[in-house]
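Novice: Below: one structure in structure tokens.
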Amino acid sequence: MRITDHVSIDEALLEERHARASGPGGQHVNKAETAVQLRFNMAASDMSDDIKSRLSRLAGSRLTKEGWIVLLADRERSRERNREAVRKRLRQLIERALTPPKPRKKARPSLASIKRQKEAKARRSTIKAARKPPKMDD
């Protein structure tokens, strides 16, 4: 299965299972196994460790303890369209994992915002100081 120009997945790492689907189909839904469950053995793939860690974070609860990513498609009435949909979702998931996250740049407040903050604190300080009872000189 081709993901990008440089990345592809061996079909041996993919496993498909079929089941009866809920949803549209009328009486046909009770006898046809149109739902497709796609299992991808991420642990056995030759992806780098950083891609695997990003992929496992993106997969979330769809990742099993053994390292399989399990995706299910049952919205369409035909098995073939469900098969295409679940493969497309796996492709999109892996594509998202391929792009490393942007490094976070520390934000620094502007000088104008610091000045406004200090002026606001000074104003608030004078307001609170004015609430206190006057001091008695002895």
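The numbers in my numbering rise by one with no breaks, and the one at position 54 of the sequence shown is 37. Where is the CB? At the ideal position from N, CA and C, for every residue including glycine. Bear in mind the structure is a predicted one, so any value in this text is a computation, not a measurement.
So, for N24: in the same chain, excluding its five sequence neighbours on each side, which residues have a beta-carbon less than 7 angstroms away from its beta-carbon?
Specialist: Answer for N24: L(-4), G50 and W51, listed in chain order.
Novice: Determine contact between the segment 60 to 67 and the segment 34 to 51, defined as no fewer than three beta-carbon pairs at a distance below 8 angstroms.
Specialist: No: fewer than three Cβ pairs fall under 8 angstroms.
Novice: With the cut-off set at 9 angstroms, would you say A68 and L41 are in Cβ contact?
Specialist: Result no, Cβ atoms of A68 and L41 do not sit closer than 9 angstroms.
Novice: Within the same chain, show all residues whose beta-carbon is closer than 6 angstroms to that of M53, passing over the 5 residues directly before and after it, in chain order.
Specialist: Correcting the residue type first, residue 53 is Val in the shown sequence and not Met. R22 and R45.
Novice: Under 8 angstroms by Cβ, that's how I've got I(-14) and I97 pegged, so tell me the actual separation to the nearest angstrom.
Specialist: No, I(-14) and I97 are not in contact; Cβ-Cβ is about 47 angstroms, not under 8 angstroms.
Novice: Should T17 go down as buried or exposed, given a rule of 16 or more other Cβ atoms within 10 Å for buried?
Specialist: The residue is buried, with at least 16 neighbouring Cβ atoms inside 10 Å.
Novice: Quick one: is R114 buried, meaning 16 or more other Cβ sit within 10 Å of its Cβ, or exposed?
Specialist: When all chains shown are included, R114 counts as exposed.
Novice: Give the secondary structure of I(-14) by DSSP, where H, G and I count as helix, E and B as strand, and everything else as coil.
Specialist: Residue state, collapsed to three classes: coil.
Novice: Helix, strand or coil for I52? Go by DSSP, reduced to three states.
Specialist: I52 falls in the strand class under three-state DSSP.
Novice: Could you say which of I34, A27 and E(-1) lies nearest to Q20 if we only look at CA atoms?
Specialist: Selected option, being the one with the closest Cα: E(-1).
Novice: Classify A56 as buried or exposed, calling it buried when 16 or more other Cβ atoms lie within 10 Å of its own Cβ.
Specialist: Buried, by the Cβ-count rule.
Novice: Output the boundary residues of the beta strand (DSSP E) element that contains Q100.
Specialist: Counting along the chain, Q100 falls outside any beta strand (DSSP E), though it belongs to the alpha helix (DSSP H) covering L94 to R114.
Novice: For E(-6), collect the residues of the same chain with a Cβ closer than 8 angstroms to its Cβ; drop the 5 residues on either side in sequence, then sort them by chain order.
Specialist: Only M(-16) meet the Cβ criterion.
Novice: I think I(-8) touches S28, with their Cβ atoms under 8 angstroms apart; what is that distance to the nearest whole Å?
Specialist: About 7 angstroms separates the two Cβ atoms, so the contact holds.
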